[in-house]
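Protein chains in written order, with this note's numbering: chain A, 3 to 140; chain B, 3 to 140.
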DNA sequence: TCTTGATGCTCTAGTGACTAGAGGCCCTAC
DNA sequence: GTAGGGCCTCTAGTCACTAGAGCATCAAGA
């Protein structure tokens, strides 16, 4: 049996976050000891590990709820898990593409003023004027 | 003179968002007509355009506040604007790097189950087990 | 057994950057 | 004059936490 603090250390999820997950129904309510403190078993540890890993992979808590609801089921559920994972992948790829456009735009803007201070703040001008931009970020 | 709705259409910033920007002191309070409705001039349009573009580039409202406070000043302020832009660039590059790790991890997980349903939900297993991961995402 | 400091509990409120809705006022075109 | 759209303020909700208050409990050492 683990205390909430031990669980926190083991998984890298902060204590208030664990309580928050419980509050929103993502983690099942654990048992309590005589002093009303939470006591977790291996299943609690596994569930939190699953959540942590999925969060690190960028899944929303809503997605994770769906994925956890599916666990242990068969057939269609697997297709659903796959669908969620693929949609998350598409989402991530899209974010990468957008960020790459931003990076090149920011690079362009940064090069306008190379640290000196001779007649610059073209940085501010560039920020104010989208029409100067090459790509279609946003 | 523009109404808030016209400003919204012209800049692509939603009406409640414009009011929000005003509320937090990012946009100066505009004049009002006899019926207490906001009326903006070209300066308001320019300021909102600046904010919009900077937001699209991923700057936080806090950053934008700093950048706008600097505008029109000299010397050090330019260096400061440059510093903010560069730090934003570093930030964006870092996010790209992390997302690329996530994408490759998600690709790996997605390939575990190619839509079929024969003994799969290795997707769920993979999500639960970080030790299977190649890279050091998170 | 007592004490001390860490850890735990609940509850409320705050973060950033909006978004939604209620309930009412104003403006413009017909 | 009226209809409808736009505008006003205010409150509350979103997501995924984070911080703090004020108190209870636990484990280790004296």
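C-beta: ideal position from N, C-alpha, C; glycine also.
| query | result |
| --- | --- |
| Let me check understanding here. Comparing Cα to Cα, which of 40/B, 83/B and 58/B lies closest to residue 4/B? | 40/B |
| Identify, in the order they occur along the chain, each residue of the same chain with its Cβ nearer than 8 Å to the Cβ of residue 67/A, setting aside the five sequence neighbours on each side. | 27 and 28 |
| Give, in chain order, every residue of the stretch 92 to 115 of chain A whose Cβ lies closer than 8 Å to some Cβ of chain B. | 94, 95, 97, 98, 101, 102, 104, 105, 107, 108, 109, 111, 112 and 115 |
| Note down, in chain order, each residue of its chain lying with its Cβ closer than 7 Å to the Cβ of residue 60/A, except the 5 sequence neighbours on either side. | 90 and 94 |
| Strictly under 8 Å for the Cβ-Cβ distance: is residue 60/B near chain A by that measure? | yes |
| Going by DSSP, what residues sit across from residue 60/B in a beta bridge? | According to DSSP, residue 60/B bridges with nothing at all. |
| By Cβ distance, which residues of its chain are closer than 8 Å to residue 6/B, with the 5 residues on each side in sequence left out? | 17, 20, 21, 39, 40 and 42 |
| Mind listing the chain B neighbours of residue 90/A? Cutoff is C-beta to C-beta under 7 Å, in chain order. | 108 |
| Which residues in chain A have a C-beta closer than 7 Å to the C-beta of residue 87/B? List them in chain order. | 108, 111, 112 and 125 |
| Using beta carbons (cut-off 8 Å, strictly below), is residue 65/B in contact with chain A? | no |
| Would residue 12/B be called buried (16 or more neighbouring beta carbons within 10 Å of its own) or exposed? | exposed |
| Which chain B residues are close to residue 45/A, counting only those with a beta carbon under 9 Å from its beta carbon? | Under the 9 Å cutoff, chain B gives no residues; its nearest Cβ is about 12 Å from residue 45/A. |
| What is the residue span of the alpha helix (DSSP H) that residue 8/A lies within? | 6 to 13 |
| In the DSSP assignment, the alpha helix (DSSP H) including residue 18/A goes from what residue to what residue? | 17 to 25 |
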